[in-house]
Amino acid sequence: MKLKFFATYRTIANCMEREISAPGDVWSLLQALAEEYGAQMRAKLFTPDGGDIGMDAIILVNGMNVAHLKGKSTELSEGDTVAIFPMVAGG
Amino acid sequence: MQNINSRYIRQTALPQVGDEGQARLGNANVLVIGAGGLGSPVLMYLAAAGVGTIHIVDGDTVSISNLNRQILYGDNDIGKLKTVCAKNRLLEMNSKLNIEAIPEMLCAENARSIVEMCDVGVLCLDSVDSRKIANRAFVELGKPYVEASIHGFAGALMTVVPFQTPCYECVYANAKEPEGKIPVLGAMAGWVGAAQALAVIRHVLEIADPFAGSIAMFDGELMEVDKIAAARNPKCQICGNGI
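Shown next, in the form of structure tokens:
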């Protein structure tokens, strides 16, 4: 599957996009990314208690926000595209 | 007529604009919600381009901490209503325009009556809740709008054409209000706001949108603009069947 980072996530990962083997679900993917990229990535991807997706992270699977799918339990398959970008709300 | 021709000659020279396009801009009726960091460049570029009718919605007054990015205003405007200052500034730039100042904050009670006034909207808001209120009104009335936001060195822009492209709720359904004051560089507001104005002008001129159905993500650290493909949620509570 294809993984795309945008804005601050791209800066932290130092990577625009990469091909990876599809983990079981979104939660497994986020855990793997936090493990690979360290504390800064973990702080952005997860809530402070580590139990859910953090409010900074917008995660689209094939263009669809995971909130409309099965949230952190959304399954991932080969051929999927996952986009991760920050919540931006100022004006 | 000669003065009008001279005023816009550098844009009517473009084949995408011409006299017909300029007339369209002159007849356009645009609603700008939020006259802050994004709203400042949006309003100035729309006025400079000759957009004939511009409604400005904002209930706030100018404060000194606005001035790093809200380039419509200066020291002498502190404490005054933004809509009134903005209207005066825009009429100084282009006195022939019809500018309406609406010194109110958008809310669930007034959103529909405000959105009804326009053909196309520009959201330059600073909260998730107000974007969701505006999104609902625009979708219910079937009117397109250009939404943008900024935070630090990041910006995001999305044009919503109801029932054709994803709406704000489709993309940001689970978004929460950020905590604390959002750090913003004025130049980021200028970059993204200018892109919003361009998107509106392109819409009025019926120039095809290469970002339709996508989010344009502005990265001021890497100086890149990316396209993030987004999809409509068929079950969206606002633009889908809600089931």
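Sequence lines, in order, name chains D and G.
First residue of the first sequence: 1, per the working numbering; consecutive thereafter.
First residue of the second sequence: 1001, per the working numbering; consecutive thereafter.
Glycine included, each C-beta is placed from N, C-alpha and C at the ideal position.
Subject >> Neighbour list for P86 of chain D in chain G, Cβ cutoff strictly below 8 Å >> reply: Under the 8 Å cutoff, chain G gives H1151, A1154.
Original post:
Applying the criterion that 16 or more other CB atoms from any shown protein chain within 10 Å of the CB defines a buried residue, is R18 of chain D buried or exposed?
Top reply: Taking every protein chain shown into account, the CB of R18 of chain D has fewer than 16 other CB atoms within 10 angstroms, so this residue is exposed.
**OP:** Kindly say whether L1038 of chain G, judged by its beta-carbon, lies nearer than 8 Å to any beta-carbon of chain D.
**Re:** It does: the Cβ of L1038 of chain G has a partner Cβ on chain D nearer than 8 Å.
**OP:** Pick out the complete beta strand (DSSP E) segments inside the stretch 1090-1130 of chain G, 3 residues or longer, and give them in chain order.
**Re:** Runs of the beta strand (DSSP E) inside the stretch 1090-1130 of chain G: 1098-1102, 1120-1123.
**OP:** Can you have a look at A1208 of chain G and say buried or exposed, based on whether 16 or more other CB atoms are within 10 angstroms of its CB?
**Re:** When all chains shown are included, A1208 of chain G counts as exposed.
Subject >> Start-to-end residues for the alpha helix (DSSP H) that takes in K44 of chain D >> reply: Bounds of the alpha helix (DSSP H) holding K44 of chain D are 39-45.
Original post:
If you measure from the beta carbon of R18 of chain D to each beta carbon in chain G, is any gap under 8 Å?
Top reply: Proximity of R18 of chain D to chain G, defined by a Cβ-Cβ separation below 8 Å, is not satisfied.
Subject >> Same chain, Cβ closer than 6 Å to I1071 of chain G, neighbours up to 5 away in sequence not counted >> reply: Answer for I1071 of chain G: S1040, listed in chain order.
**OP:** Would you kindly check if the distance between the Cβ of A1189 of chain G and the Cβ of I1150 of chain G is under 8 Å?
**Re:** Yes.
**OP:** Can you pull the chain D residues whose beta carbon is under 8 Å from the beta carbon of Y1172 of chain G, in chain order?
**Re:** The answer, in chain order, is I58, N65, M87.
Original post:
Taking Cβ positions only, does A1175 of chain G come closer than 8 Å to chain D?
Top reply: Chain D contact via Cβ: present.
Subject >> Complete runs of the beta strand (DSSP E) confined to the stretch 1130-1196 of chain G [at least 3 residues] >> reply: Those beta strand (DSSP E) runs which fall completely within the stretch 1130-1196 of chain G and span 3+ residues are 1145-1151, 1154-1160.
Subject >> Among G:S1127, G:F1163, G:A1197, G:L1123, the one whose alpha carbon lies nearest that of L1141 of chain G >> reply: Cα-wise, what sits closest to L1141 of chain G is G:F1163.
Subject >> Rounded C-alpha distance that separates G1180 of chain G from A1013 of chain G >> reply: If you take the alpha carbons of G1180 of chain G and A1013 of chain G, they lie about 46 Å apart.
**OP:** Please list the partners that M1217 of chain G has in chain D, where partner means a Cβ-to-Cβ separation under 7 Å.
**Re:** Near M1217 of chain G (Cβ distances below 7 Å), the residues of chain D are F6, A7, F85.
**OP:** Keeping to the same chain, check which residues put their C-beta closer than 7 Å to that of V1200 of chain G; ignore five residues upstream and five downstream.
**Re:** The beta carbon of V1200 of chain G is closer than 7 Å to those of V1030, L1046, V1120, V1122, V1146 in its chain, skipping five residues each way along the sequence.
Original post:
Using the beta-carbon count (16 or more within 10 Å), is P1015 of chain G buried or exposed?
Top reply: Residue environment analysis places P1015 of chain G among the exposed positions, since fewer than 16 neighbouring C-beta atoms fall within 10 angstroms of its C-beta.
**OP:** Assess, as a yes-or-no matter, whether the stretch 1097-1104 of chain G is touched by the stretch 1042-1058 of chain G under the definition of 3 or more beta carbon pairs within less than 8 Å.
**Re:** In short, these stretches touch, since the Cβ pair count reaches three.
Original post:
When the Cα atoms are used, what is the spatial distance from G54 of chain D to I1182 of chain G?
Top reply: Each residue's Cα considered, the two are about 17 Å apart.
Original post:
Any beta-carbon of chain G closer than 8 Å to the one on N14 of chain D?
Top reply: Output row for N14 of chain D: interface = no.
Subject >> Reference G90 of chain D; option with closest CA among G:R1131, G:V1017, G:V1204, G:L1205 >> reply: Here the closest residue by C-alpha is G:R1131.
**OP:** To the nearest angstrom, report how far apart G1036 of chain G and S21 of chain D are at their CA atoms.
**Re:** Using only the alpha carbons, I get a separation of about 44 Å.
**OP:** Grab me the residues of Q1237 of chain G's own chain with a C-beta within less than 7 Å of its C-beta, minus the 5 sequence neighbours each way, in chain order.
**Re:** Result list for Q1237 of chain G: E1169, in chain order.
Subject >> Cβ distance (whole Å) where M1217 of chain G is taken to contact A7 of chain D below 8 Å >> reply: Confirmed, about 6 Å.
Original post:
What are the start and end residues of the alpha helix (DSSP H) that includes T945 of chain G?
Top reply: Only positions 1001 to 1243 of chain G appear in the structure, and residue 945 of chain G is not among them; the question remains open.
Original post:
Mind listing which residues of the stretch 1049-1079 of chain G have their C-beta closer than 9 Å to chain D's C-betas, in chain order?
Top reply: So the list is empty, because no residue satisfies the distance condition.
**OP:** Using three-state DSSP, classify S77 of chain D as helix, strand or coil.
**Re:** DSSP places S77 of chain D in the coil class of the three-state scheme, outside both helix and strand.
Subject >> Interface partners of M55 of chain D on chain G, CB under 7 Å >> reply: Listed by position along chain G, the residues whose Cβ is nearer than 7 Å to that of M55 of chain D are K1176.
Original post:
Mapping DSSP to helix, strand and coil, what is G1026 of chain G?
Top reply: Collapsing the DSSP output to three states places G1026 of chain G in a helix.
Original post:
Rounded to the nearest angstrom, how far is the Cβ of Q40 of chain D from that of I12 of chain D, given a contact under 8 Å?
Top reply: Correct: roughly 5 Å between the Cβ atoms.
Original post:
Thinking C-beta only, is A1212 of chain G closer than 8 Å to P1166 of chain G?
Top reply: Their beta carbons are not under 8 Å apart, which means P1166 of chain G does not touch A1212 of chain G by this criterion.
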